[in-house]
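Undergrad:
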Amino acid sequence: LIGNNVELGSNTTIDRGSVGDTVLGDNIKIDNLVHIAHNVSIGSGSAIAANSAIAGSTKIGKNCTLAGCTALVDNIQIADEVHITAKSLITKSIKESGIYSSGTPFMKNSDWKKNAVGFKKLHKLSKL
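Residue numbers for the sequence shown, in the numbering used here: 636 to 763.
(1) Less than 8 Å between the CB atoms is what I'm expecting for T647 and L668, so what's the real figure, rounded?
(2) Taking only three categories from DSSP, how would you classify L636?
(3) When the Cα atoms are used, what is the spatial distance from C704 to I663?
(4) Where does G680 sit, in a helix, a strand or coil, going by DSSP?
(5) Within 10 angstroms of the Cβ of S726, are there 16 or more other Cβ atoms? Answer buried if so, exposed if not.
(6) Assuming A672 contacts D656 under a Cβ cut-off of 8 Å, what Cβ separation, rounded to an integer in Å, is found between them?
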């Protein structure tokens with residue numbers, strides 16, 4: 636179900652619902668090359684930038700923004716007024732409005748490799 640005043644970019648795919656409907660509210664802007672899986676619900680006034688993907692049964696609140704190349708896993712809920720920065724991978728529900736980010740900043744590959752080795756050891760440094 637697609638609401639009023641919804642703009643869909645080129646090569647955007649919206650899967651038909653399998654258990655329930657896939658629903659896009661009113662006044663939504665979706666850029667090019669976005670994938671919206673089955674049973675997804677997107678609240679009115681939201682905007683999704685290019686190359687983003689939303690997995691099945693995910694619920695996105697009203698007035699949310701997903702910047703380019705954002706990915707949301709299946710069966711999560713995103714609160715109203717959530718804004719997610721580019722290249723973010725969202726693996727859990729977001730229950731409070733705000734701006735959220737994930738990802739790795741740009742750097743030389745040699746520095747990235749050193750950081751990756753250190754990252755694998757962080758759990759040993761934790762006091763939890």
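For each residue, glycine too, the CB sits at the ideal point set by N, CA and C.
TA: Taking the structure as given:
(1) Position 12 of the sequence shown, counted from the first residue, corresponds to residue 647. Position 33 of the sequence shown, counted from the first residue, corresponds to residue 668. A Cβ-Cβ distance of about 7 Å is found for the pair T647 and L668, placing them in contact under the 8 Å criterion.
(2) Numbered from 1 along the sequence shown, position 1 holds the residue referred to as residue 636. The three-state reading of DSSP puts L636 in coil, since its state is none of H, G, I, E or B.
(3) As a working mapping, residue 704 is identified with position 69 in the sequence shown. As a working mapping, residue 663 is identified with position 28 in the sequence shown. The alpha-carbon atoms of C704 and I663 are separated by roughly 18 Å.
(4) Here residue 680 refers to the residue found at position 45 of the sequence shown. Secondary structure at G680: coil, using DSSP grouped into helix, strand and coil.
(5) Looking up residue 726 in the sequence shown gives position 91. According to the sequence shown, residue 726 is Thr rather than Ser. Answer is exposed; the Cβ neighbour count stays below 16.
(6) Taking the first residue of the sequence shown as 1, we reach residue 672 at position 37. Taking the first residue of the sequence shown as 1, we reach residue 656 at position 21. Their Cβ separation, rounded to whole angstroms, is 13 Å, which puts A672 and D656 out of contact at 8 Å.
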